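Working notes, structure below.
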Amino acid sequence: MARIATGILETPLDPAAELAAIAGQDNSAGGVASFVGQVRGEAGLTALELEHYPGVTEAALARIAETAAQRWPLMQAAIRHRVGKMMPGEPIVFVAASAAHRREALEAVGYMIDLLKTEAPFWKRVHTEEGSHWVDAVDGDREAADFWLDQIASEDA
Amino acid sequence: MRITVKYVAALRDRMGRPEETVDLPGDIADSEALIAHLRESDAAAEVLTHPSVRLIRNDAIVPRPAPLASGDTLAFCPPFTGG
Numbered sequence: 001m002a003r004i005a006t007g008i009l010e011t012p013l014d015p016a017a018e019l020a021a022i023a024g025q026d027n028s029a030g031g032v033a034s035f036v037g038q039v040r041g042e043a044g045l046t047a048l049e050l051e052h053y054p055g056v057t058e059a060a061l062a063r064i065a066e067t068a069a070q071r072w073p074l075m076q077a078a079i080r081h082r083v084g085k086m087m088p089g090e091p092i093v094f095v096a097a098s099a100a101h102r103r104e105a106l107e108a109v110g111y112m113i114d115l116l117k118t119e120a121p122f123w124k125r126v127h128t129e130e131g132s133h134w135v136d137a138v139d140g141d142r143e144a145a146d147f148w149l150d151q152i153a154s155e156d157a
Numbered sequence: 158m159r160i161t162v163k164y165v166a167a168l169r170d171r172m173g174r175p176e177e178t179v180d181l182p183g184d185i186a187d188s189e190a191l192i193a194h195l196r197e198s199d200a201a202a203e204v205l206t207h208p209s210v211r212l213i214r215n216d217a218i219v220p221r222p223a224p225l226a227s228g229d230t231l232a233f234c235p236p237f238t239g240g
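Shown next as structure tokens:
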């Protein structure tokens with residue numbers, strides 16, 4: 001049974017501390033994979049603000065990590081996501097998985113970040129010196145999530 | 158029946174309000190009929206017809222059309238953009 005740790009943070013996310021809670025914690029794990037998403041410093045961007053839907057978001061993150069742990073033989077799975085205002089370079093999201101072998105850990109991390117993009121209710125707002133605007137959804141994100149869902153559906157068939 | 162309607166993120170800006178309580182005629186049974194009803198009194202509600210709009214009914218993300226019952230909270234959400 002994998003250990004699952006998911007949650008929303010309103011204060012800065014520390015990827016090194018999050019990774020330390022997984023790497024080196026389990027002698028049977030041969031690989032730990034992780035992904036850190038951070039605020040991309042684009043021209044004019046002064047801050048990125050993340051809004052979410054309290055209650056539903058936490059449940060969505062837990063469900064995504066649990067589904068990954070059912071799909072791949074993981075020892076641990078973690079998803080931590082920031083909300084609120086962040087500066088360029090600040091971490092937004094941390095995703096990690098540990099498993100006996102690297103492929104399971106890497107694939108599980110890819111699955112979790114791709115599903116999170118389309119299945120967890122977060123919305124990004126960009127602040128610039130001129131004002132602010134909501135970020136549009138990216139078509140490629142839907143396709144990335146569909147890739148995993150199609151693959152899982154074909155394995156189940 | 159009476160339901161609470163929420164407008165989230167960009168849809169909150171487009172609708173000009175975060176939420177409202179709506180008293181519905183008895184023949185309105187799902188999210189799509191609700192949208193049609195909202196459009197009768199507010200042209201801005203046309204934005205809710207866009208297929209990319211997602212629904213959260215009470216505490217669950219649900220597909221469209223979503224059935225409605227008295228006392229429900231239905232949130233209209235733009236596509237998710239986290240991660």
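So the protein lines, in turn, are chains W and P.
Numbering-wise, the first sequence is residues 1 to 157 according to the working numbering.
Numbering-wise, the second sequence is residues 158 to 240 according to the working numbering.
Backbone N, C-alpha and C fix where the C-beta goes; we use that ideal spot for every residue, glycine too.
The model shown is predicted, which means the values in this text are computed figures rather than measured ones.
Please return the same chain residues whose Cβ sits closer than 6 angstroms to the Cβ of residue i, not counting the five positions on each side in sequence.
| i | result |
| --- | --- |
| W/R3 | Q76 |
| W/R125 | E49, S132, W134 |
| P/T230 | T161, N215 |
| P/R211 | C234 |
Whose Cβ in chain W lies nearer than 8 angstroms to the Cβ of residue i?
| i | result |
| --- | --- |
| P/D216 | G55, V56, A59 |
| P/A167 | W123, W134 |
| P/I213 | Y53, V56, P121 |
Looking at residue j and residue i, is the spacing between their C-beta atoms short of 8 angstroms?
| i | j | result |
| --- | --- | --- |
| W/P91 | W/P15 | yes |
| P/A226 | P/K163 | no |
| P/P235 | P/L191 | no |
| W/A97 | W/A59 | no |
| W/L19 | W/R80 | no |
| W/A137 | P/S209 | yes |
| W/A23 | W/V32 | yes |
| W/F94 | W/S34 | yes |
| W/L106 | P/G240 | no |
For residue i, which residues in chain P fall below 8 angstroms Cβ to Cβ?
| i | result |
| --- | --- |
| W/G37 | G240 |
| W/L45 | None at all; the shortest Cβ gap to chain P is about 15 angstroms. |
| W/L50 | G239 |
Which residues of chain P have a Cβ atom closer than 9 angstroms to the Cβ of residue i, listed in chain order?
| i | result |
| --- | --- |
| W/V93 | G239, G240 |
| W/A137 | S209, P235, P236, F237, T238 |
Excluding sequence positions up to five away, which residues of its chain have a Cβ less than 7 angstroms from the Cβ of residue i?
| i | result |
| --- | --- |
| W/Y53 | P121 |
Once the 5 residues before and after residue i are set aside, which same chain residues still bring their CB inside 8 angstroms of it?
| i | result |
| --- | --- |
| W/G89 | Q38, V39, G41 |
Along chain W, which residues have their Cβ under 9 angstroms away from the Cβ of residue i?
| i | result |
| --- | --- |
| P/A232 | Y53, V56, P121 |
Could you name the residues of the stretch 109 to 135 of chain W whose beta carbon sits closer than 9 angstroms to any beta carbon of chain P, in the order they occur along the chain?
I113, D114, L116, K117, T118, E119, A120, P121, F122, W123, K124, R125, H133, W134, V135
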